[in-house]
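Protein chains: 2
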Amino acid sequence: MQIKNILEKLNSIDLDGMIVLKSENIAYLTGFKPSSFSVLILKDDPILFISKMDYEDVPENLNISVEDFTSFNNLNKAIIKNKPDFLGVENSLPLGIYKKIKNNFKIKLTDIIEESRRIKSEKELKYIKEAIKIAEKSFKNTKLEGSDNLVAAELNYNLMVEGSLKPAFETIVASGTASSKPHAFLQQKTLENPVLLDWGAVYKNYCSDISRTRVETEKQHEIISIVIEAQKEAIKVIKPGIKASYVDKIAREVIEDYGYAENFIHSTGHGLGMEVHEGPSLSKNEELKLEKGMVLTVEPGIYIPGEFGIRVEDDILVKKRAKILTKLDQII
Amino acid sequence: MQIKNILEKLNSIDLDGMIVLKSENIAYLTGFKPSSFSVLILKDDPILFISKMDYEDVPENLNISVEDFTSFNNLNKAIIKNKPDFLGVENSLPLGIYKKIKNNFKIKLTDIIEESRRIKSEKELKYIKEAIKIAEKSFKNTKLEGSDNLVAAELNYNLMVEGSLKPAFETIVASGTASSKPHAFLQQKTLENPVLLDWGAVYKNYCSDISRTRVETEKQHEIISIVIEAQKEAIKVIKPGIKASYVDKIAREVIEDYGYAENFIHSTGHGLGMEVHEGPSLSKNEELKLEKGMVLTVEPGIYIPGEFGIRVEDDILVKKRAKILTKLDQII
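Heads up: the protein sequence lines correspond to chains A and B, in order. Each residue of the first sequence is one higher than the last, beginning at 1 in my numbering. Each residue of the second sequence is one higher than the last, beginning at 1 in my numbering.
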């Protein structure tokens, strides 16, 4: 069904099919996420090539042919069997692999599957909501004391206890001056304020992504109230039809008004799904318009080099307006 | 120094420079591993383009120019400034990025940095040994009881307590029939025997990678002794000058002799360094010869579908012969 839709879309832009390598794209189309190198040839009779190591995990009700990937030779035979003129490939396709599969057909880069993935189905939404629930419960069970790395270790432990097979990404716990780096590496040092945490769970391949910052001083309280105001204003304008860049603009304007334009050094948010970072990006140059069913993070932050940083991040569903999916208090 | 060597090698194959995106390759050449999208233009006056978010992490003594990556426009200007005819690019370069940087020069795919990375320096070795020590200590502090996912959660927690910023890869704890899948996903189920564990630590960007299996029944004991024999024979033949594929052949022959040829469904091992899986691959078609200074995993396994699987994995340094770096008992 899903595959049929994508094939129709491919045909409508004169593509005979597509070569799919990204495991999230394969999972989206087949329901099965391979753990090793694998290639889905999307055509009228699609074939999924997987490693022997994944064989036992293939669901019995998978409704497409599965073959053993033994060499590019076999793969190429299957690709050219239907004598395609034009095939779609992913933007993420590594050049080295491309050279190995290139044959006598033309290719066109397309994000057609990622585009489809932007709008979440009811089932996908359920999984994302569950991933949020797990992340929130794990956070509540984590004591913010000790050292940056031990807090992260405990939060990760709790994520797994609550049913996340792994953290959705490298958990950030950055306290004191370390918080001024949005992607701070963990440090083995005594926890200070502010404590910036950014973490997420995975549930049935779908991610959550939340940030909170514990503040202490007057200045930190002042900054977090600006960040929360920026986030609130940004969320307010979210609705189908507006440009993703507009949400970024609104958040940025609030922060600029308080004189911290130079200290908001990343985009306002991003799509969320099987990948932690998906389209659309809530950033200056994103031309995409928001649509019903998108799930987005909204996460403005202010980072003062040498002092501290503060970020607040929630997960949002685009309906008629924004629906905030995260339930955790913003002041922790 | 390192950069100069690579530039000389590039020049010797008529390349004017190289475009480097892989963060491990950038870390290898500059000592700095960016956390976000970044591009190193390797030429006589190299430039590293990074995200604003990584600025604060750049070491003060980094001896190359660092610029803000704002758009492909700026990047492309810097690339074509020296009017290159031929530039090297990585096999892993995504096609979508390639299209954005392609300009009026020719490109050649090259693994020249990965090739250099295969031979570890004393410093790199020190880091790998520390990553092994952390992984071993973490394992010793982990109780093998409860459920698959809780054992993995505790092992991951211990890795972080011991100084690994994250697990080197998704820790595997697969017990009972789940162990028959080499890349098993974690399950929330009571721990049974055998218990197959595969885990590693990261220390200063370098990884360790170890597997152990706790066995119980007579058949499981029988199988693990075959796996250990295969590993021992494979390690015995390791020395500079032999083909990597030969190590695989030897391990495979032992397992074949016992009638389990069909049950050894992955390669015998792989290089280990900043990436958990690097060259050379200890597999059938690997033409590379072993060299002094390579660090390898040797990890034969036997997987009986529907019953169980057993794998034993140690980390090896190629000197005059193999030096086993892991110290953990093979029977746990």
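C-beta atoms are modelled at their ideal positions from N, C-alpha and C, and glycine is treated no differently. All values derive from a computational prediction rather than experimental measurement.
Reduced DSSP secondary structure (H/G/I, E/B, other) of residue i
| i | result |
| --- | --- |
| A:Ala184 | coil |
| B:Gly309 | strand |
| B:Ala168 | coil |
| B:Arg118 | coil |
| A:Val227 | helix |
| A:Thr361 | As shown, chain A starts at 1 and ends at 332. That puts residue 361 of chain A outside it, with no answer to give. |
| B:Leu282 | strand |
| B:Leu21 | coil |
| B:Val295 | strand |
| B:Ile331 | coil |
| B:Asp54 | helix |
| B:Val237 | helix |
| B:Ile112 | helix |
| A:Thr326 | coil |
| A:Lys33 | coil |
| B:Lys232 | helix |
| A:Lys43 | coil |
| B:Lys219 | helix |
Endpoints, the beta strand (DSSP E) within which residue i is located
| i | result |
| --- | --- |
| B:Asp248 | Run containing B:Asp248: none in the beta strand (DSSP E); it sits in the alpha helix (DSSP H), 244 to 257. |
| A:Lys270 | The identity of residue 270 of chain A in the sequence shown is His, whereas the question assumes Lys. A:His270 -> beta strand (DSSP E) spans 269 to 271. |
| B:Ile3 | Note, B:Ile3: premise wrong, no beta strand (DSSP E); alpha helix (DSSP H) at 2 to 12. |
| A:Leu87 | 86 to 89 |
| B:Ile336 | Only positions 1 to 332 of chain B appear in this structure, which leaves residue 336 of chain B out of reach. |
| A:Thr213 | 210 to 214 |
| B:Gly200 | Here B:Gly200 belongs to no beta strand (DSSP E), and DSSP marks it neither H nor E. |
| B:Gly301 | 301 to 304 |
| B:Ile265 | Counting along the chain, B:Ile265 falls outside any beta strand (DSSP E), and DSSP gives it neither H nor E. |
| A:Ile64 | From DSSP, A:Ile64 is part of no beta strand (DSSP E); its letter is neither H nor E. |
| A:Asp315 | 314 to 318 |
| B:Val276 | Segment: none, B:Val276 is in no beta strand (DSSP E) and carries neither H nor E. |
| B:Leu144 | From DSSP, B:Leu144 is part of no beta strand (DSSP E); its letter is neither H nor E. |
| A:Leu15 | Where A:Leu15 is concerned, there is no enclosing beta strand (DSSP E), given that its DSSP letter is neither H nor E. |
Enclosing alpha helix (DSSP H) for residue i [first to last residue]
| i | result |
| --- | --- |
| A:Val161 | 148 to 161 |
| B:Tyr260 | No alpha helix (DSSP H) holds B:Tyr260; DSSP gives it neither H nor E. |
| B:Asn122 | Note that residue 122 of chain B is Glu in the sequence shown here, rather than Asn. Segment 122 to 140, the alpha helix (DSSP H) holding B:Glu122. |
| A:Lys99 | 95 to 101 |
| B:Lys108 | Not the alpha helix (DSSP H): B:Lys108 falls in the beta strand (DSSP E), residues 106 to 109. |
| A:Phe339 | Because residue 339 of chain A is not part of the residues shown, which for chain A are 1 to 332, the question remains open. |
Amino acids of chain B, ordered along the chain, whose beta-carbon sits closer than 7 Å to that of residue i
| i | result |
| --- | --- |
| A:Ala152 | Met160 |
| A:Leu95 | Val89, Asn91, Leu93, Leu95, Tyr98, Leu109 |
Chain-ordered chain A contacts of residue i [CB-CB under 8 Å]
| i | result |
| --- | --- |
| B:Leu87 | The contacting residues do not exist; B:Leu87 stays about 13 Å from chain A at best. |
Interface partners of residue i on chain A, CB under 9 Å
| i | result |
| --- | --- |
| B:Lys99 | Asn91, Leu109 |
| B:Gly31 | What B:Gly31 touches in chain A: nothing, since even the nearest Cβ is about 14 Å away. |
Partners in chain A for residue i, counting only beta-carbon separations shorter than 7 Å
| i | result |
| --- | --- |
| B:Lys166 | Glu170 |
9 Å Cβ cut-off: residues of chain B touching residue i
| i | result |
| --- | --- |
| A:Leu21 | By Cβ distance, chain B contributes nothing, its closest Cβ being about 11 Å from A:Leu21, past 9 Å. |
| A:Gly163 | Asn149, Gln188 |
Neighbour flag for residue i against chain C, beta carbons, 9 Å
| i | result |
| --- | --- |
| A:Arg311 | Here chain C cannot be found, since the structure's protein chains are A and B. |
- Message: Please list, in chain order, the residues of the stretch 51 to 63 of chain A that have any C-beta partner in chain B closer than 9 Å.
- Response: Residues of the stretch 51 to 63 of chain A whose Cβ lies closer than 9 Å to any Cβ of chain B, in chain order: Ser51, Lys52, Met53, Asp54, Tyr55, Glu56, Asp57.
- Task: Pair every Cβ in the stretch 169 to 182 of chain B with every Cβ in the stretch 131 to 139 of chain B, then say whether three or more of these pairs are closer than 8 Å.
- Result: no
- Residues in the stretch 130 to 156 of chain A having any Cβ partner in chain B nearer than 9 Å: Asn149, Leu150, Ala152, Ala153, Glu154, Asn156
- Message: Three Cβ pairs or more, each shorter than 8 Å: is that satisfied between the stretch 262 to 278 of chain B and the stretch 296 to 313 of chain B?
- Response: Yes, the stretch 262 to 278 of chain B touches the stretch 296 to 313 of chain B.
- Quick one, which residues of the stretch 178 to 210 of chain A are near chain B if we go by CB-CB under 7 Å, in chain order? Ser180, Lys181, Pro182, His183, Phe185, Leu186, Gln188
- Any 3 or more C-beta pairs closer than 8 Å across the stretch 104 to 116 of chain B and the stretch 136 to 150 of chain B: no
- In the stretch 255 to 276 of chain A, which residues sit with their C-beta less than 9 Å from some C-beta in chain B, listed in chain order? Taken in chain order, the members of the stretch 255 to 276 of chain A whose beta-carbon sits within less than 9 Å of a beta-carbon on chain B are Ile265, His266.
- Message: Along the stretch 34 to 50 of chain A, where does the CB come closer than 8 Å to a CB of chain B? Name the residues.
- Response: Of all residues in the stretch 34 to 50 of chain A, Ser35, Ser36 have a Cβ within less than 8 Å of some Cβ in chain B.
- Task: Could you please tell me which residues of the stretch 295 to 322 of chain B, in chain order, have their CB closer than 7 Å to any CB of chain A?
- Result: Pro305
- Can you find at least 3 beta carbon pairs, one from the stretch 59 to 78 of chain B and one from the stretch 8 to 15 of chain B, that sit closer than 8 Å? no
- Task: Determine, using beta-carbon pairs with one atom in the stretch 179 to 189 of chain B and one in the stretch 220 to 236 of chain B, whether at least three such pairs fall under 8 Å.
- Result: no
- Tell me, please, whether the stretch 200 to 212 of chain B touches the stretch 274 to 291 of chain B by the rule of three or more beta-carbon pairs shorter than 8 Å. yes
- Is the stretch 49 to 64 of chain B close to the stretch 20 to 37 of chain B, with three or more CB pairs under 8 Å? yes
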